[in-house]
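K.L.:
Sending over a structure as structure tokens; questions will come in a sec.
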């Protein structure tokens, strides 16, 4: 198997100066599971043969460290799953904002999290809809399968809301909210958040005169992409499904097909025609594409909201489980009473 570290070692010196966080990722990928990070010796009791075992870098952008992290995350999150269908929504940032995301990644990504939750929280509390508080786990991805810049948020949401009176209001259909409503509300929230950021000087690297107003006015006239995937029902399935997204990075090493003196080839899924394809890039261009997805230091790309938020999950999660159990019990009682009624006539 080809290793990402091979491409880093071969091509990083051919890149323009890297950002400090990108340089750090390169150095840690190179050092991962080598003597540079230290380790210990394993010795066979029978024959005395020794084998070195080196420490991992544990960097969240390192493909060799993500499998173990995914397994550990699944064990923790299984305790937070409730007995309800789960809805998977994907909110995509228009590609016209990619340039701003490169200049101000922390501001844009923060606004994306805030705007998506504001959208769902508003609809969740709508008395004509669920009339209660949702729970949500959201995961930021910045890439497409071909390593292009494609900023989007994966959201996994239990299908219902906790009302102020402690009751559980279940989602009444196979979708949580209408996609067109989600798209338009998300668009308005995100554009407002970006205007506010610009007013506070947080988009200072966007220097072209009038660009903020011109681009945001244009984007308000376009349809923003929100995608709904089929809902899930089994707890283990939910966690395994979400783990695919939470611990995923821009490129897994299983997709690397070849690394030559000049190029890197890798496999990707083209979702336009749902076909597997191969892309070959020059080594420096491949590395540039990979490193553009390194997140700002300390930026949390997995976040929990509503009654799943870290600050209140300990108290709210038992309430949600009790409310769901009571609601299901009432449904079962009503169904049994209906079956017990004698036929008329």
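Residue numbers (the numbering used here): 163 to 507. Yeah, the Cβ is synthetic: ideal placement off N, Cα and C, and Gly gets one too.
Grab the span of the alpha helix (DSSP H) containing residue 453 for me, first residue to last.
P.N.:
In the DSSP assignment, residue 453 falls within the unbroken alpha helix (DSSP H) covering 445-453.
K.L.:
Could you tell me the distance, in whole angstroms, from the CA atom of residue 257 to the CA atom of residue 314?
P.N.:
10 angstroms
K.L.:
Just to check my reading of the structure: residue 417 and residue 428 have Cβ atoms closer than 8 angstroms, yes? What is that Cβ distance to the nearest angstrom?
P.N.:
5 angstroms
K.L.:
Would you please state the rounded distance, in angstroms, between the beta carbons of residue 463 and residue 301? I believe it to be under 8 angstroms.
P.N.:
6 angstroms
K.L.:
Return the chain-ordered list of same chain residues with a C-beta closer than 8 angstroms to the C-beta of residue 170, the five sequence neighbours on each side being excluded.
P.N.:
188, 191, 192 and 449
K.L.:
Quick one, are the C-beta atoms of residue 413 and residue 225 less than 8 angstroms apart?
P.N.:
Yes; because the gap between Cβ atoms is below 8 angstroms, this pair is in contact.
K.L.:
Using a beta-carbon distance below 8 angstroms, is residue 274 in contact with chain D?
P.N.:
This model lacks chain D altogether, as it is built from one protein chain only.
K.L.:
Secondary structure at residue 369, three-state DSSP: helix, strand or coil?
P.N.:
Of the three classes helix, strand and coil, the one that applies to residue 369 here is coil, per DSSP.
K.L.:
Going by DSSP, name the residue or residues bridged to residue 295.
P.N.:
324
K.L.:
If the criterion is Cβ atoms closer than 8 angstroms, does the pair residue 345 and residue 386 meet it?
P.N.:
yes
K.L.:
Based on Cα-Cα distance, which residue from 459, 272 and 175 lies nearest to residue 355?
P.N.:
272
K.L.:
What is the rounded straight-line gap between the Cα of residue 395 and the Cα of residue 403?
P.N.:
11 angstroms
K.L.:
Any idea which residues DSSP pairs residue 214 with across the strands?
P.N.:
203
K.L.:
Helix, strand or coil for residue 175? Go by DSSP, reduced to three states.
P.N.:
helix
K.L.:
Can you tell me which of 365, 291 and 487 puts its alpha carbon nearest to the alpha carbon of residue 262?
P.N.:
365
K.L.:
What whole-angstrom Cβ distance do residue 419 and residue 339 have, given they're in contact under 8 angstroms?
P.N.:
Incorrect: roughly 41 angstroms between the Cβ atoms, too far for contact.
K.L.:
So is residue 451 buried or exposed if we call it buried at 16+ other beta carbons inside 10 Å?
P.N.:
buried
K.L.:
Do you know offhand how far residue 472's Cα is from residue 479's?
P.N.:
11 angstroms
K.L.:
Less than 8 angstroms separating the beta-carbons of residue 481 and residue 324?
P.N.:
yes
K.L.:
I'd like the ranges of any alpha helix (DSSP H) spanning at least 4 consecutive residues and lying wholly in the segment 384-416.
P.N.:
Listed in chain order, they are 397-408.
K.L.:
Taking all protein chains shown into account, decide if residue 507 is buried (16 or more other Cβ within 10 angstroms of its Cβ) or exposed.
P.N.:
Since pLDDT at residue 507 reaches only 49, below the 50 mark, its modelled position is unreliable, and the value read off the structure follows with that caveat. Result: exposed.
K.L.:
Going by C-alpha distance, which of 281, 392 and 421 is nearest residue 163?
P.N.:
421
K.L.:
List the endpoints of the continuous alpha helix (DSSP H) containing residue 271.
P.N.:
267-287
K.L.:
Within its chain, find whatever has a CB closer than 6 angstroms to the CB of residue 297; leave out the 5 residues flanking it on each side and keep chain order.
P.N.:
320, 468, 469 and 470
K.L.:
Residue 210 to residue 407, Cα distance in whole Å?
P.N.:
Between residue 210 and residue 407, the C-alpha separation is close to 42 angstroms.
K.L.:
Roughly how many whole angstroms lie between the Cα atoms of residue 207 and residue 410?
P.N.:
38 angstroms
K.L.:
Output yes or no for whether 8 angstroms exceeds the beta carbon distance between residue 289 and residue 489.
P.N.:
It is not a contact, given that the beta carbons lie outside the stated cut-off.
K.L.:
Please classify residue 583: does DSSP put it in a helix, a strand, or coil?
P.N.:
No answer is possible for residue 583: the residues shown for the chain start at 163 and end at 507.
K.L.:
Quick check on this structure: which residue in 491, 236 and 277 has the alpha carbon closest to the alpha carbon of residue 405?
P.N.:
Taking only the C-alpha atoms, the option nearest residue 405 is 236.
K.L.:
What first and last residue would you give for the alpha helix (DSSP H) that runs through residue 426?
P.N.:
Premise fails: residue 426 lies in the beta strand (DSSP E), 425-432, not in any alpha helix (DSSP H).
K.L.:
Can you give the Cα-Cα distance for residue 322 and residue 400, rounded to whole angstroms?
P.N.:
15 angstroms
K.L.:
So residue 281 packs on residue 348, CB below 8 angstroms; how close in whole Å?
P.N.:
5 angstroms
K.L.:
Cβ of residue 183 within 8 angstroms of Cβ of residue 456?
P.N.:
yes
K.L.:
Can you name, in chain order, every residue of its own chain whose Cβ lies under 6 angstroms from the Cβ of residue 180, other than the five neighbours on each side?
P.N.:
none
K.L.:
Just to confirm, is the Cβ distance from residue 250 to residue 316 under 8 angstroms?
P.N.:
Closer than 8 angstroms, so yes.
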